[in-house]
Amino acid sequence: MFLCGILRSCIVCIFGQTSTYNFYLMQKEKEVLALLSRLDLQNIHFTDYPPGDADQSVHLVAGEGLEAYLPLTDMVDISAEVERLSKRLTKMQTEYDGLVARLKSSNFVEKAPEEVVRGVREKAAEAEEKLTLTKNRLALLKSTVLVSE
């Protein structure tokens, strides 16, 4: 497994159970990594262990055998992101509640064409999924990163 993380103005690449060839390739392309990440060569490090603040990072799977840790603290204002997601969550909850209310109305379900009712059901299911994802993202930000409230 190969892990690559950008940490406080440096890149840390971690090689787990992978071939020495992958390590060789990364060493060979160190200058390209520096150029693409806009870092000095001395800020690119290769190691055998994950970053210490991995729990405060976004974990991305870029492809088979390639994962990245992107630290939130270096990329975004966490407090502002929590505030933005909280507002978005409130708006999404209101929209979802409206869809559910329509579906609970026997008047709507009985009188509306079947395809309209089906469309509202699909929108409600999609809204519920987005609501759950946003709640999870917000909970993760609040639990793993210190947020000043």
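Note that the sequence shown covers residues -13 to 135 in this note's numbering. The beta-carbon is built from N, C-alpha and C at its ideal position, and this holds for glycine as well.
Best match in the options for proximity to residue i [C-alpha to C-alpha]
i: K121; options: R107, S92 and Q79; result: Q79
i: D83; options: A111, N93, A20 and V95; result: A111
i: L117; options: V102, V18, E17 and S72; result: S72
Beta carbon of residue i nearer than 8 Å to that of residue j
i: L124; j: V68; result: yes
i: R107; j: L119; result: no
i: L27; j: A20; result: yes
i: L127; j: I64; result: yes
Beta-carbon proximity list for residue i, same chain, < 6 Å, skipping 5 on both sides
i: E138; result: Because the chain spans -13 through 135 in this model, residue 138 falls outside it and cannot be assessed.
Other residues of its chain near residue i: CB distance less than 7 Å, five sequence neighbours each side excluded
i: E114; result: Y82
i: F94; result: R88
i: K109; result: L85
Test: residue i CB closer than 8 Å to a CB of chain C
i: A113; result: Given the protein chain composition of this structure (a single chain), no chain C is represented.
Heavy atom of the ligand MG within 7 Å of residue i beta-carbon
i: S72; result: Among the ligands in the structure shown, none appear at all, so the ligand MG cannot be discussed.
Nonlocal neighbours in the same chain, by C-beta distance under 8 Å from residue i, ignoring five residues either side
i: E17; result: L27
i: L75; result: L117, T120, K121 and L124
i: V103; result: L89, F94 and V95
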